[in-house]
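Visitor:
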Amino acid sequence: MNVIEVNNLVKKYNGITAVNDVSFAVQKGSIFGMLGPNGAGKSTTIECIIGLKKRDNGEVRILGLDPKLDNRKLYDMIGVQLQETSYQDKIKVYELCELFESMYENPLDYKSLLERFGLIEKSKSYVSQLSGGQRQKIAIILALISNPKIIFLDELTTGLDPKSRREMWECVKELRNEGRTIFMTTHYMEEAAYLCDQICIIDEGKIATIDTIDGVIEHA
Ligand code: ADP
Ligand code: ADP
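full-length UniProt numbering puts the first residue of the sequence shown at 1, with every later residue one more than the last.
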């Protein structure tokens, strides 16, 4: 069963095409990775799929819903970590978690999430005082508070050291093992190879290949 379906997605910025006729489907319970260099159109694709940006053409369905029309309904079912979301304001970890908790009807208990990610002792720290890896974990925790079926992760490990990156990889696998579906972007081939059931290679807004890692290597 496909939980995300994208057909002929087109997005232009001031007449310049950033995402060009992109189509793919994501199977329930899988990790789907979009791999491509900076500027390829990965973030734009995520933002169009979740309805954060208006698409110029094409169809998107998440769990059968169109994010253009069913925005509110969808937001209870998906979790999103966008790139370099910055919380520069003076907000503490627990305050940020409570803010997110208040947005959902049936939120997960954020304290157990903080515990699970080894951040419970940072509850009262300012987000701005955390390391890059810890902030990325907070980003995942915030994405999980709604107890989503589908999680969107945009370059989750960019800028992390190898150890933190490995930890994030295990987190992502765990989320999949809990039965969640993951849509992730990355520009690291080894990350896509390690994590993803399906890899979609995108360059200059166009999809070059969609295959398993074995298929991708065979066609390279
Ligand atoms: P990425 O690391 O995914 O390539 P960018 O650094 O391109 O992200 O983009 C960061 C932010 O700047 C995004 O919100 C994006 O929409 C915006 N942005 C990127 N490129 C441009 C551009 N050429 N003109 C205006 N805004 C841009
Ligand atoms: P990626 O996430 O793969 O790095 P993006 O989706 O951020 O790629 O960007 C795709 C293209 O769209 C790039 O050429 C980028 O400069 C451009 N772009 C992104 N956001 C904006 C924006 N807000 N305004 C204008 N151009 C943008």
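Here a beta-carbon is modelled for each residue, glycine too, at the ideal position from N, C-alpha and C.
When every heavy atom of ligand 2 is checked, does at least one fall within less than 6 Å of the C-beta of Lys163?
Guide: For ligand 2, not one heavy atom lies less than 6 Å from the Cβ of Lys163.
Visitor: For Leu195, which option in Glu174, Thr209, Ala40 and Glu204 has the closest C-alpha, if you only look at C-alpha atoms?
Guide: The candidate whose alpha carbon is nearest that of Leu195 is Glu174.
Visitor: At which residues does the alpha helix (DSSP H) containing residue 223 begin and terminate?
Guide: Summary: the structure shown does not reach residue 223, with the chain confined to residues 1 through 220, and so no result is reported for it.
Visitor: Could you check whether the Cβ of Asn106 sits closer than 6 Å to any heavy atom belonging to ligand 2?
Guide: No, Cβ of Asn106 sits at least 6 Å from all heavy atoms of ligand 2.
Visitor: Strictly by DSSP, which residues pair up with Cys200?
Guide: In DSSP, Cys200 forms a bridge with Met34 and Ile210.
Visitor: Excluding sequence positions up to five away, which residues of its chain have a Cβ less than 7 Å from the Cβ of Arg55?
Guide: Within the same chain, Arg55 has close Cβ partners Leu9, Val10, Lys11 and Cys48.
Visitor: Arg176 and Ile31: beta carbons closer than 7 Å?
Guide: Yes. Within cutoff.
Visitor: Skipping 5 residues on each side, what residues in its chain have a beta carbon closer than 6 Å to that of Ala139?
Guide: Closer than 6 Å at the Cβ level, and outside the excluded window around Ala139, lie Gln81.
Visitor: On the DSSP letters alone, give me the boundaries of the beta strand (DSSP E) that Ile16 sits inside.
Guide: Its beta strand (DSSP E) spans residues Ile16 to Gln27.
Visitor: Looking at Tyr126 and ligand 2, is the gap between the Cβ and the nearest heavy atom below 6 Å?
Guide: No.
Visitor: Is any heavy atom of ligand 2 found at a distance shorter than 6 Å from the C-beta of Ile192?
Guide: One point to set straight first is that residue 192 is Ala, not Ile, in the sequence displayed. Not so, every heavy atom of ligand 2 lies at least 6 Å from the Cβ.
Visitor: Just how far apart, CA to CA, sit Ile145 and Gly15?
Guide: Cα-Cα distance, rounded: 37 Å.
Visitor: Using the Cβ count rule (16 or more neighbours within 10 Å means buried), how would you classify Ala143?
Guide: Result: buried.
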